[in-house]
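The structure appears right after this line, and notes come after that.
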Amino acid sequence: MPSRNDGSARSKLGNIVMLDRPLQLSPSPMRPDDVKKLVAMARSVVGITIDERKADFLAGRLGRRLVSTGLTNYADYCRLLQTSAAERTAFGEALTTHTTSFFRERSQYDWLLEKGLADMTEGRDTREMVVWSAACSTGQEGYTALMVLHQARDRGLRGLAPRLIGTDISRPVVQRAKTAVYSKQEIEGIPIELRRRFLLSSKSTDGVYRIVPELRDQAIWRQANLASGEGLDGISADIVFLRNVLIYFDEEIRGRVIENVYRRLRPGGVLMTGHTEASHARRDGLELVQPSIYRKVK
Numbered sequence: 003m004p005s006r007n008d009g010s011a012r013s014k015l016g017n018i019v020m021l022d023r024p025l026q027l028s029p030s031p032m033r034p035d036d037v038k039k040l041v042a043m044a045r046s047v048v049g050i051t052i053d054e055r056k057a058d059f060l061a062g063r064l065g066r067r068l069v070s071t072g073l074t075n076y077a078d079y080c081r082l083l084q085t086s087a088a089e090r091t092a093f094g095e096a097l098t099t100h101t102t103s104f105f106r107e108r109s110q111y112d113w114l115l116e117k118g119l120a121d122m123t124e125g126r127d128t129r130e131m132v133v134w135s136a137a138c139s140t141g142q143e144g145y146t147a148l149m150v151l152h153q154a155r156d157r158g159l160r161g162l163a164p165r166l167i168g169t170d171i172s173r174p175v176v177q178r179a180k181t182a183v184y185s186k187q188e189i190e191g192i193p194i195e196l197r198r199r200f201l202l203s204s205k206s207t208d209g210v211y212r213i214v215p216e217l218r219d220q221a222i223w224r225q226a227n228l229a230s231g232e233g234l235d236g237i238s239a240d241i242v243f244l245r246n247v248l249i250y251f252d253e254e255i256r257g258r259v260i261e262n263v264y265r266r267l268r269p270g271g272v273l274m275t276g277h278t279e280a281s282h283a284r285r286d287g288l289e290l291v292q293p294s295i296y297r298k299v300k
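Read in order, the letters of the sequence shown correspond to residues 3 to 300 in the working numbering.
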């Protein structure tokens, strides 16, 4: 009698092999009704605005989610989003883009080091300086800010006590920021002298680096939604980085995001936006210091 092995059961009919596990089918094409529902869900869950003409973008970002959930059509996926909080989180993460680097938009860090931090600490009873990286991605923006604060302390702002809060809607990138591990390519924006001071090289793997414990201990990371305010409780910051975020929202959602950030910015504190979206941050109570930098009027 032929023996049966422990792998997938199969029977042979000529040259055809039949597996006892069904093959994963490709998702069915996205219908206009599916697009409308997914665009509405993107706005309500993540706060981002997607043009209904960008069905290809949606399919490209969400096709893997259908495969992961075992579904083959977007109508069923829309129904899943209505009932599953976990899938709504995964949905939001699939639609968001996380692009960052060390010392990105260098002029803002230079302003902090050369003028901004001295102005902000003048006459203050406390030298605590809280930085909030509001859409922190994998952490480079926030760790860069901490490096700059340490430089400022070395240059004469004695007693400066840096602290960092990093938030993002995506759980995976927040977890990555916590690990503070980066590749050789990712650290290229860090000046050599700062690499020597703030990076540790892996003893076991070439081209892998980690932020030193001193900076890691000054940072906390959490998942949060800037549009709804979920996860923002307790934040009170002197410096807020809100860069390359506002461009993804429509006017109504942008207003909500700015309000949620403004309420958590201390009087005299500064808000940094992306250079291409500075006009979106205009609000009563914020005065323009220089392009893409605003101060909360006391």
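Just so it is clear, CB atoms sit at the ideal spot from N, CA and C, and this is done for glycine as well.
Because the structure is a prediction, the values reported are computed rather than measured.
Selection Met-43, Asp-121, Tyr-111 evaluated against Arg-129 yields Asp-121 as nearest (Cα-Cα). Per the DSSP secondary-structure output, Pro-164 pairs in a beta bridge with Met-131. According to the DSSP assignment, Ser-185 belongs to the beta strand (DSSP E) that extends over 183–185. With a threshold of 16 other beta carbon atoms within 10 Å, Leu-290 falls short and is exposed.
Pairing Phe-251 with Lys-205, the inter-Cα distance amounts to about 43 Å. Pairwise C-beta distances place the stretch 258–272 out of contact with the stretch 143–159, as fewer than three of them are shorter than 8 Å.
Taking 3 residues as the shortest admissible run, the stretch 215–247 contains the following complete beta strand (DSSP E) segments, listed from N- to C-terminal end: 221–225, 239–244. Leaving aside the five residues that flank Gln-142 on each side, the residues in its chain whose CB is nearer than 6 Å to its CB run, in chain order, Thr-102, Ser-103, Phe-104. Leu-159 is classed as buried because its beta carbon has at least 16 other beta carbons within 10 Å across all chains shown.
Considering only Gln-84, Glu-124, Ala-61, Ile-255, the residue with the shortest C-alpha distance to Pro-34 is Ala-61. Secondary structure of Ser-203 (DSSP, three-state): strand. Distance from the Cα of Ala-154 is smallest, within the candidate group Gln-187, Gly-118, Lys-180, Lys-186, for Gly-118. A buried status is given to Ile-237, since no fewer than 16 other beta-carbon atoms sit within 10 Å of its beta-carbon.
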